[in-house]
Structures are given as structure tokens and as C-alpha cells.
Amino acid sequence: MMVKWISCRVLDRAAFDRGQRAWGGLSGHAGFHGQCGGWSRDEPDLAHVFAWWSTERDHREFMAGVHDGLAAGQVGTYGAIDVSRWEHHLDIGSGLPRACPAGSVLRLAHCRVRDGRQDHFIRAQADVWNPGMRAWPGMLGGLFAGRGRAEYLVLSLWESAAEHDSYRTGGLPDLRRRAQAADDLARVEGDLILLDPAWTVS
12 MMVKWISCRV
22 LDRAAFDRGQ
32 RAWGGLSGHA
42 GFHGQCGGWS
52 RDEPDLAHVF
62 AWWSTERDHR
72 EFMAGVHDGL
82 AAGQVGTYGA
92 IDVSRWEHHL
102 DIGSGLPRAC
112 PAGSVLRLAH
122 CRVRDGRQDH
132 FIRAQADVWN
142 PGMRAWPGML
152 GGLFAGRGRA
162 EYLVLSLWES
172 AAEHDSYRTG
182 GLPDLRRRAQ
192 AADDLARVEG
202 DLILLDPAWT
212 VS
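The opening position of the sequence shown corresponds to residue 12 in the numbering used here, with each subsequent residue numbered one higher.
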């Protein structure tokens, strides 16, 4: 499965939101599995949207077909935009996008892994991170995806920001130690996304 991550620096939040709701037209498109998104908790002008597709071919057909019509409602509502595509590797718990409607916040971790540590990092995700995160109260599901050999994306869905913050202070330090994350990771960029239910498409 392919995961598409779109981030936008938004100029007009209300207009962007109205345009985002039009993406409900994706429902039922061949190869489309779901979409969710919302606003960064720390940067109010930053929007994140994630979409799931069966294959690159399905996505290409969508881009060549109905994409421009759906996107027309957001023209002029954002400045910078970044779009990336990732290969799904592992589910965390029930997985995404299936669990999206149940959550209110999505944690994003964009990981850059040191050369020679990729295999260890992937094993640690399966053996340490996934079981540890699944066991934490309020964690509803997530995924682990990659792009090339050095970049990985971890998404985790939470019932509330408070439960995620409890995990960040109570569970995360021990998991980082057990996974030897300091040895694996060259850099991590993260965000906590306040999901907008009106942006969820299934």
C-alpha cells in the first residue's frame, strides 16, 4: 500500500477547510483506501493530510483524472506545499486508515536513519516500538512506512492529546532506550496533528 503525505502552509484557514471538505469525492475511487488530516497543534497555519492507495498505478490514474477538479476549491488558500509518497511496511495495532474515525490526534514522526542502522531500526520497530505503543492506553492504531533506505514515517492515532502526552513522558523514554533509538536515528522531526473529522474520507 502507498501512503501519501501532504503538508501545506495555509494562508486562509476557513477557505482551505471548505476546499478540504470537497475531497469527500475520493470515496469509492479505484484503489483509494481512505484519507484523514488536520491542523498542527504547534503551528496553526500548517495543515497535514494523509491518503492511502493500493498501488502507485491507482494513484497515477487519480492524478490524471479527477484530482484537478477536487483540488480547484483550494487554489490560492495555501502557499508552500510538500507532497511525499511512502511504502507501507507495518501496521501498529489496528492500522490506518481503518482506525482514523475513532481518534482525535495523530502523531507524526519523520525519521532519518543512520547509514548501516536501517535493518536494526526496522527490527526495533516490529519488536519494541509496535508492541510498546499498542499497549499504551489511548493508542488506537498506526503505521510504519518508508521511502528509500534512510527515511521512515511513523504515524500513531490517539484518543486525545492528553493520552499522547502521557505516553510521551511516561512510555516513550523507556521505548527509546530499549530500541537503541539514539544509535539508529540521525534526525527526527515530529508534529501532533489535531484531526478534523470533516476531512476524513473512507
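Glycine included, every Cβ here is placed at the ideal spot set by N, Cα and C.
(message) What does the alpha-carbon distance come out to for the pair Arg160 and His131?
(response) Along the sequence shown, read from residue 1 onward, the residue named residue 160 stands at position 149. Along the sequence shown, read from residue 1 onward, the residue named residue 131 stands at position 120. In a straight line, the C-alpha of Arg160 is about 12 angstroms away from that of His131.
(message) Using 8 angstroms for Cβ pairs, my map puts Cys122 next to Val199. What's the rounded Cβ distance?
(response) As a first step, residue 122 is located in the sequence shown; it is residue number 111 there, counting from the start. As a first step, residue 199 is located in the sequence shown; it is residue number 188 there, counting from the start. About 5 angstroms; that satisfies the 8 angstroms criterion.
(request) Please list the segments of the alpha helix (DSSP H) lying wholly inside the region 13-49, counting only runs of 4 or more residues, in order along the chain. (result) 24-32
(message) For a test of the three-state rule: what should DSSP assign to Glu98, helix, strand or coil?
(response) Along the sequence shown, one-based indexing puts residue 98 at 87. If DSSP states are grouped into helix, strand and coil, Glu98 belongs with the strands.
(message) Taking its Cβ as the centre, do 16 or more other Cβ atoms sit within 10 Å of Ala5, making it buried, or is it exposed?
(response) Here the chain comprises residues numbered 12 to 213, so residue 5 is not present and cannot be evaluated.
(request) Rounded to whole angstroms, what's the CA-CA distance from His78 to Gly181? Just pull it up for me. (result) If you number the sequence shown from 1, residue 78 lands on position 67. If you number the sequence shown from 1, residue 181 lands on position 170. Each residue's alpha carbon lies about 42 angstroms from the other.
(request) Have a look at the DSSP bridge pairing and note the partners of Trp64. (result) Position 53 of the sequence shown holds residue 64. Partner(s): Met13, Phe43.
(request) Rounded to whole angstroms, what's the CA-CA distance from Trp50 to Ala75? Just pull it up for me. (result) Here residue 50 corresponds to residue number 39 of the sequence shown, with the count starting at 1. Here residue 75 corresponds to residue number 64 of the sequence shown, with the count starting at 1. Near 28 angstroms, if we compare the C-alpha coordinates of Ala75 and Trp50.
(message) To the nearest angstrom, how far is the alpha carbon of Leu196 from that of Val124?
(response) Indexing the sequence shown from 1 puts residue 196 at position 185. Indexing the sequence shown from 1 puts residue 124 at position 113. Straight-line Cα distance between these residues: approximately 5 angstroms.
(message) Quick check on DSSP: helix, strand or coil for Ser177?
(response) Taking the first residue of the sequence shown as 1, we reach residue 177 at position 166. Looking at Ser177 - three-state DSSP - the assignment turns out to be helix.
(request) Using a threshold of 8 angstroms, state whether the C-beta atoms of Gly48 and Ala58 are closer than that. (result) Taking the sequence shown and counting its residues from 1, one reaches residue 48 at position 37. Taking the sequence shown and counting its residues from 1, one reaches residue 58 at position 47. Yes.
(request) Verify whether the separation of the beta carbon atoms of Met144 and Ile92 is less than 8 angstroms. (result) Position 133 of the sequence shown, counted from the first residue, corresponds to residue 144. Position 81 of the sequence shown, counted from the first residue, corresponds to residue 92. In this structure, Ile92 does not lie closer than 8 angstroms to Met144 by Cβ.
(request) Starting from Arg198, follow the beta strand (DSSP E) in both directions and report where the run begins and ends. (result) The sequence position of residue 198 within the sequence shown is 187, counting from 1. Where Arg198 is concerned, the enclosing beta strand (DSSP E) stretches over 196-206.
(message) If you reduce the DSSP assignment to three classes, tell me which class Arg187 lands in.
(response) Translated into the one-based positions of the sequence shown, residue 187 becomes position 176. In this structure, Arg187 counts as helix in the three-state DSSP scheme.
(request) Grab me the residues of Val116's own chain with a C-beta within less than 7 angstroms of its C-beta, minus the 5 sequence neighbours each way, in chain order. (result) Reading the sequence shown from its first residue, position 105 is the one you call residue 116. So the list reads Trp169, Ser171, Ala172, His175, Leu203, Ile204, Leu205, Leu206, once near-sequence residues are dropped.
(request) Determine the DSSP secondary structure at Val124, reduced to helix, strand or coil. (result) For the purposes of this step, residue 124 is taken as residue 113 along the sequence shown, with counting starting at 1. Three-state result, Val124: strand.
(message) Any heavy atom of the ligand NAD inside 7 angstroms of the beta-carbon of Ala156?
(response) The model on display carries no ligand, and the ligand NAD is accordingly not part of it.
(request) Take Arg32 and list the residues in its own chain whose beta-carbon comes closer than 8 angstroms to its own, dropping the five residues that flank it on each side. (result) Numbered from 1 along the sequence shown, position 21 holds the residue referred to as residue 32. So the list reads Ala209, Trp210, once near-sequence residues are dropped.
(request) Please determine if the region 152-167 and the region 181-193 are in contact, where contact requires at least 3 C-beta pairs separated by less than 8 angstroms. (result) no
(message) Taking the alpha-carbon of Gly36 as reference, which of Gly80, Ser18, Leu119 has the nearest alpha-carbon?
(response) The sequence position of residue 36 within the sequence shown is 25, counting from 1. Checking every option, the nearest Cα to that of Gly36 belongs to Gly80.
(message) Quick check: Trp16 and His44, are their CB atoms within less than 8 angstroms of each other?
(response) Here residue 16 corresponds to residue number 5 of the sequence shown, with the count starting at 1. Here residue 44 corresponds to residue number 33 of the sequence shown, with the count starting at 1. No, the pair does not count as a contact, with Cβ atoms beyond the cut-off.
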